[in-house]
Structure formats: C-alpha cells, structure tokens
Amino acid sequence: MQSGRGAEDISVEPISLDTLLASVGKEVGVSPWRTVTQRMIDQFADATDDHQFIHCDPERAERETPFGGTIAHGFLSLSLLSAMTFETMPPLENTKMGVNHGFDTLRFLAPVKTGSRIRTRFVLADVKVRPSGWVQTAHDVTIEIEGSKKPALTARWLTLTLIERQPETA
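1 is the number of the first residue of the sequence shown in the UniProt record's numbering; add one for each residue after it.
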C-alpha cells in the first residue's frame, strides 16, 4: 500500500522553460497509483471537520449508501493532486517557488471508495510567461480510479511558478 512519498524521495529532473513551452497540448505525466485508506479519510475529516457518515462510519455507509462502504471526500481526492504532482511532474529549472492559482473547471465524477487506488494524468493545456518572472501553467488533470471507467474528477488546474531569471550570455 502506497501512502505517499516526501519531496526528498523525488528524482524528477528539472526541465527548461523552452521544454515546457514545447509540451503544450501533450500528456506530460502519469502519477504512480496511490491507495486511499480509511486512515487518510479520517485524518482529512479531522482536518476539515467534515465527519459525514459516508466518509467516517464504514458500517453505516455499508448499510445506508449505494457505495458499499465509505468513500473519500471529493476535496481529499483533489488535495492529493499536490503530492501526485511532486511524484510525477518535472519542476522548471531555476524555480524559486510555486503556488496554486486555482481551477478554471472542476468536476467530481465518481466516488473514490475506501481502499481504491487512484492516479493522475496531466496534460499541459497552456503556459503563459509573465514579464515579472512568474510562469502560469494550466494542466488538464484527470484522477483515475483503478478498475473504473469513470474518473474521480477532471479539472483545469492553474499554477504559478516563480523562476529566477538567468543573465543572458553574449
């Protein structure tokens, strides 16, 4: 069971801005499978104060829902995008920092049952280089559920990366 890795375990090599720009319209990564456990769901419920029985009471969820047990919060699945990005996506060379910028679209399409494995597909939809040194990327992301025809979610995810400009050589 994979519960995630820390940033220190990542061996994805940085890419140049030119390589990023040339990747628009292409699938740029598929994350490893990640198991969504009841422990993760319970910890997320504690962090967000969302203890609805469909997430936190396996016996009741089995009796009273069509899911056959508990399911992950949609926002838990969404929040795992950050970890799956670090596991998969190459950073830009000379990155000083990166931040979430939001979502243009977000749809939750299928529940993630406890014990399911999920992964994310990343398609680079757009890149905007700002004169300030910020690079805005838009990724079309799909969180797949192993064995399911329907994904957990689809979204257009916007991020900003601040890069340190390198002096041009003559």
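The C-beta atom is built at its ideal place from N, Cα and C for all residues, glycine as well.
Residues bridged to residue i [DSSP beta-bridge criterion]
i	result
GLY29	PHE122
ILE162	Per the sequence shown, residue 162 should be read as Leu rather than Ile. Partner(s): MET97 and TRP134.
PHE108	LEU153
GLY102	LEU158
LEU92	ILE15
ARG117	THR35
ASP49	BP columns for ASP49 are empty, so no partner.
Close Cβ partners of residue i (< 8 Å) along its chain, the five nearest in sequence each way excluded
i	result
VAL24	LEU124, ALA125, ASP126 and VAL127
SER79	PHE44
Other residues of its chain near residue i: CB distance less than 6 Å, five sequence neighbours each side excluded
i	result
PHE44	HIS73 and LEU76
ILE15	PRO90
THR93	One detail in the question is off: residue 93 reads as Glu in this sequence, not Thr. Result list for GLU93: PRO14 and SER16, in chain order.
Under the three-state DSSP convention, the category residue i falls into
i	result
THR35	strand
HIS55	helix
ASP42	helix
THR85	helix
Whole-angstrom distance between residue j and residue i, CA atom to CA atom
i	j	result
LEU20	MET97	16 Å
PHE67	GLN52	14 Å
THR120	PHE103	16 Å
VAL129	VAL30	24 Å
ILE118	ASP49	24 Å
Same chain, Cβ closer than 7 Å to residue i, neighbours up to 5 away in sequence not counted
i	result
PRO151	LEU109, ALA110, THR142, ILE143, GLU144 and ILE145
HIS101	GLN136, LEU158, THR159 and LEU160
ALA61	PHE53, ILE54, PHE67, GLY69 and THR70
Within-8 Å CB hit, residue i to chain C
i	result
ARG60	The displayed structure is made up of one protein chain only, and chain C is not part of it.
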